[in-house]
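Written out below as structure tokens is the structure these notes cover.
Numbering (my numbering), first residue to last: 100 to 330.
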């Protein structure tokens, strides 16, 4: 299931979404003493990150992670970790904890096993998941072109994380699986631009998740994915 929430501008969207995210994090902290949120990379969330970083919250009780990460050096322009540190983990939000997906030089089976265990023990299930979406309908690093897409979308997959080798995008990736992301208490799809509206409309009007993995979230019977869009 999904709900489409249209905003008149990106600034309005960022402000509105930041307020709602903080309210959800505050409620989680009130309920259980801590909160967890996974964010996505790319250029779309930069404004949102900067808005969040200035807002009052018990950030020391919040753990932030990424829905996926490219296995690149942390100083690379392609690093989502760098993006988060430079735009979100600033100002008041600098007090938040960060769960690193990219740890070490190589994504070995042992590294992946250790990260799976750590994720399950510390941040899952997520209180908030903020997804992005590519022009091909991929989300996180669940790419329709990858050999790993079957495992990535398997609702019975017991792994929290998997290694992904997309054929239509650069870099090896690490990504949370659909099964682990679907446990999130709040799921938000953050989109901007006319082209992304066309892509999400195509996703809404079809059912094949292997063609467009975002459909796994939009058409899941017990998930209520909130689509936040602005031109």
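Heads up, the beta-carbon is just placed ideally off N, CA and C, and yes, glycines get one too.
**Item:** Buried versus exposed call for residue 173 [16 or more other C-beta atoms within 10 Å across all chains shown]
**Value:** Counting Cβ neighbours within 10 Å, residue 173 comes out exposed, since fewer than 16 surround it.
**Prompt:** Alpha carbon to alpha carbon, how far is residue 142 from residue 300?
**Reply:** Straight-line spacing of the CA atoms in residue 142 and residue 300 works out to 21 Å.
**Request:** Could you name the residues of the same chain whose beta carbon sits closer than 6 Å to that of residue 148, not counting the 5 residues immediately before and after it, in chain order?
**Result:** Only 186 and 187 meet the Cβ criterion.
**Asked** Out of curiosity, what's the CA-to-CA distance linking residue 175 and residue 321?
**Response** Here the C-alpha atom of residue 175 lies approximately 38 Å from the C-alpha atom of residue 321.
**Item:** residue 168 classed as buried or exposed, judged by whether at least 16 other C-beta atoms fall within 10 angstroms
**Value:** Taking all protein chains in view, the Cβ of residue 168 is crowded by 16 or more other Cβ atoms within 10 Å, so the residue is classified as buried.
**Message:** Give me the DSSP bridge partner(s) of residue 105.
**Reply:** According to DSSP, residue 105 shares a beta bridge with 328.
**Prompt:** What's the call for residue 222, buried or exposed, on a 16-neighbour Cβ count within 10 Å?
**Reply:** Label assigned to residue 222: buried.
**Neighbourhood of residue 179 by C-beta distance below 6 Å, restricted to the same chain and skipping five residues each side** = Counting only residues of its own chain and dropping the five nearest sequence neighbours on each side, residue 179 has a CB closer than 6 Å to the CB of 140, 165 and 168.
**Sequence-distant residues of the same chain with beta carbon closer than 6 Å to residue 159, five excluded per side** = Within the same chain, Cβ atoms closer than 6 Å to the Cβ of residue 159 are found at 194, the five residues on either side in sequence being excluded.
**Residues near residue 228 in its chain [Cβ-Cβ closer than 8 Å; skip 5 each side]** = Same-chain partners within the cutoff: 136, 137, 166, 280, 283, 285, 286 and 287.
**Asked** What's the call for residue 122, buried or exposed, on a 16-neighbour Cβ count within 10 Å?
**Response** Here residue 122 is exposed: its Cβ has fewer than 16 other Cβ atoms, across all protein chains shown, within 10 Å.
**Asked** Going by the CB atoms, is the gap between residue 210 and residue 244 shorter than 8 Å?
**Response** It is not a contact, given that the beta carbons lie outside the stated cut-off.
**Asked** What are the boundary residues of the beta strand (DSSP E) that residue 286 is part of?
**Response** It spans 285-291 - the beta strand (DSSP E) in which residue 286 sits, taken as one unbroken run.
**Item:** Span of the alpha helix (DSSP H) around residue 152
**Value:** Looking at the DSSP string, the run of the alpha helix (DSSP H) that includes residue 152 is 145-152.
**Asked** Which whole-angstrom value is the C-beta distance of residue 278 and residue 254, which I expect to be below 8 Å?
**Response** Going by Cβ atoms, the distance from residue 278 to residue 254 rounds to 5 Å, so yes, they are a contact pair.
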